[in-house]
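Taken in order, the sequence shown gives residues 292 to 695; the numbers are from our numbering. One structure is given below, encoded as structure tokens.
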Amino acid sequence: MIPNRQEAWKRWASGAALAAAVLPGLALAPSRGNLLPPLLAVLAAGAGTFLANHFTPRPRGWLALLGVLMVALAVWLAAQIHFALTAYLVATVLGAGLGLTLPPWRRLAGGWPAAALAALLLLVLWRLSLPAALAAGGILVVVNALVPSVSRSPGLGAGVGARVSLALCLVLASLLTTGWVGASTARANWFGATVDHGPRAGNEVAITFDDGPNAVYSLKIRDILDRYGVKATFFTVGKALDQRPDISRALLADGMLLGDHSYHHDSTSWLDPLYPEIPETQASFQRQLGVCPAFFRPPHGTHTPFMAHVAAERGMTMITWDVSAGDWATTDGQLVAQRVLAQVRPGSIILLHDSIDGNVNADRSVMLTALPLILDGLKATGLQPVRLDQLLGKPGYVPCRPGG
């Protein structure tokens with residue numbers, strides 16, 4: 292039984308805010324029919340909500356404001372993420388922020404009807420527009436935090452020290468999550484300037500290949516492109532270039548554009564603030580081909596402001612993408628083509644792979660099936676593949692510097 296109108300409003304507002312925990316799941320829901328990532332994201336949000344709610348001292352005071360700020364941060368991050376691990380981290384931050392704004396769990400029973408209705412509303416909004424769903428969920432949380440709390444239970448550790456310790460832990464977690472999202476999200480250019488697409492006016496797109504050269508497939512891909520009269524951009528790994536410079540020379544002589552894709556293509560070099568991978572690869576290009584690329588693509592799209600600085604001081608542009616087909620994780624060429632054609636639009640930079648992690652012997656037979664289907668599909672929709680320098684209107688190479 293609800294004792295008074297104030298508590299009734301609080302329960303309904305809290306129930307509606309609780310439904311906002313589905314937002315990271317909604318952000319992942321377009322993941323090609325796989326329901327597991329959205330479900331895990333919702334579970335991560337629920338865990339964050341419960342733990343923060345359980346350990347929040349009562350009354351909450353300024354911790355409720357921190358909760359609103361954390362939810363706003365998570366909503367902003369959720370609109371940018373594109374793969375599961377990042378979504379789980381953002382979901383946990385969102386849930387923890389939500390937990391700071393809610394009354395104790397035992398007082399939420401009357402709010403479950405509101406939670407169900409709000410979740411349904413968010414789902415409908417998501418079907419229309421993900422940003423609208425994110426905005427609506429954020430508004431629900433703010434409204435919940437503004438409704439006066441009727442709870443006066445002391446909770447755990449109600450002292451100032453406990454509040455400050457909890458706040459510092461949550462702020463640190465939020466900052467670390469924000470840094471990881473900025474570094475790992477291809478379209479996030481606020482953590483180091485990147486270009487993920489060209490002009491949306493017109494009909495040009497850029498097809499790019501990463502991780503080569505490949506001893507078998509790079510030149511077969513070149514031959515397919517030549518049959519269609521198309522030139523593409525090959526982001527080249529320095530160690531692979533040193534192993535098989537003849538392949539890159541053939542691509543260069545054929546009119547393909549070559550880009551810098553780091554020397555080792557590993558998972559840890561991006562943490563080095565000096566980022567020597569760029570000068571090492573530029574030196575390899577200068578030594579083997581006599582040119583130095585103007586475009587740099589960070590391995591896995593993971594980038595930092597330090598990396599951007601190293602590229603910028605050499606006159607290079609850091610490139611990511613807005614179309615990725617996950618071709619490194621499937622052998623189904625038709626699926627790869629379907630994914631590309633479903634996402635592409637004027638100005639798109641399409642990410643494909645002619646090798647894997649600089650392994651010159653990787654099996655990339657999937658591209659021999661996918662690429663003709665992609666080129667046929669682009670032609671049918673009136674989109675023209677061009678080199679990246681033509682799409683962006685920038686030189687493809689920069690003057691080489693001594694030592695790279």
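Backbone N, C-alpha and C fix where the C-beta goes; we use that ideal spot for every residue, glycine too.
{"Asked": "Please report the Cβ distance between residue 576 and residue 610, rounded to the nearest whole angstrom; I am assuming they are in contact, meaning their Cβ atoms lie under 8 Å.", "Found": "Going by Cβ atoms, the distance from residue 576 to residue 610 rounds to 16 Å, so no, they are not a contact pair."}
{"Asked": "So, with DSSP's three-state summary, where would you put residue 625?", "Found": "helix"}
{"Asked": "Measure how close the beta-carbons of residue 389 and residue 458 come, nearest whole angstrom, since I'm counting them as under 8 Å.", "Found": "The pair is not a contact, with the Cβ atoms about 15 Å apart (cut-off 8 Å)."}
{"Asked": "What are the uninterrupted segments assigned as beta strand (DSSP E) that are 3 or more residues long and contained completely in the region 576-656, given in chain order?", "Found": "640-644"}
{"Asked": "Does the region 484-496 come into contact with the region 621-631, if we say contact requires no fewer than three beta-carbon pairs (one atom in each stretch) closer than 8 Å?", "Found": "no"}
{"Asked": "At which residues does the beta strand (DSSP E) containing residue 549 begin and terminate?", "Found": "548-551"}
{"Asked": "Go through its chain and collect everything with a Cβ distance to residue 686's Cβ below 8 Å, but skip five positions before and after it.", "Found": "585 and 680"}
{"Asked": "Would you identify the three-state DSSP class for residue 526, choosing helix, strand or coil?", "Found": "strand"}
{"Asked": "Thinking C-beta only, is residue 504 closer than 7 Å to residue 535?", "Found": "yes"}
{"Asked": "What ranges does the alpha helix (DSSP H) occupy inside the region 444-520, keeping only unbroken runs of at least 4 residues that lie completely in it?", "Found": "451-475 and 508-518"}
{"Asked": "Could you round the C-beta distance between residue 593 and residue 474 to whole angstroms and report it? I think they count as a contact, below 8 Å.", "Found": "5 Å"}
{"Asked": "Around the Cβ of residue 623, are there at least 16 other Cβ atoms within 10 angstroms (buried) or fewer (exposed)?", "Found": "exposed"}
{"Asked": "Measuring only the C-alpha atoms, how far is residue 533 from residue 573?", "Found": "12 Å"}
{"Asked": "Using the three-state DSSP reduction, which class does residue 676 fall into: helix, strand or coil?", "Found": "strand"}
{"Asked": "Checking 7 Å against the spacing of the C-beta atoms, do residue 339 and residue 369 come in under that value?", "Found": "no"}
{"Asked": "Could you give the DSSP three-state label for residue 379: helix, strand or coil?", "Found": "helix"}
{"Asked": "Can you tell me which residues form a DSSP beta bridge with residue 688?", "Found": "584"}
{"Asked": "Rounded to whole angstroms, what's the CA-CA distance from residue 343 to residue 360? Just pull it up for me.", "Found": "14 Å"}
{"Asked": "If I follow the unbroken alpha helix (DSSP H) through residue 555, where does it start and stop?", "Found": "Premise fails: residue 555 is in no alpha helix (DSSP H) and is neither H nor E."}
{"Asked": "Quick test of the definition: if touching needs 3 or more C-beta pairs under 8 Å, does the region 557-566 touch the region 511-529?", "Found": "no"}
{"Asked": "Measuring only the C-alpha atoms, how far is residue 677 from residue 497?", "Found": "5 Å"}
{"Asked": "On the DSSP letters alone, give me the boundaries of the alpha helix (DSSP H) that residue 367 sits inside.", "Found": "354-369"}
{"Asked": "Please look up how many angstroms separate the CB atoms of residue 392 and residue 432, rounded, as I've assumed it's under 8 Å.", "Found": "6 Å"}
{"Asked": "Looking at C-alpha atoms only, which residue of 544, 377 and 672 is the closest neighbour of residue 493?", "Found": "672"}
{"Asked": "Can you say whether residue 620 is buried or exposed, counting buried as having 16 or more other CB atoms within 10 angstroms of its CB?", "Found": "exposed"}
{"Asked": "On the criterion of 16 or more Cβ atoms from any shown chain inside 10 Å, does residue 583 qualify as buried, or is it exposed?", "Found": "buried"}
{"Asked": "Are there 16 or more other CB atoms within 10 angstroms of the CB of residue 462, so buried, or fewer, so exposed?", "Found": "exposed"}
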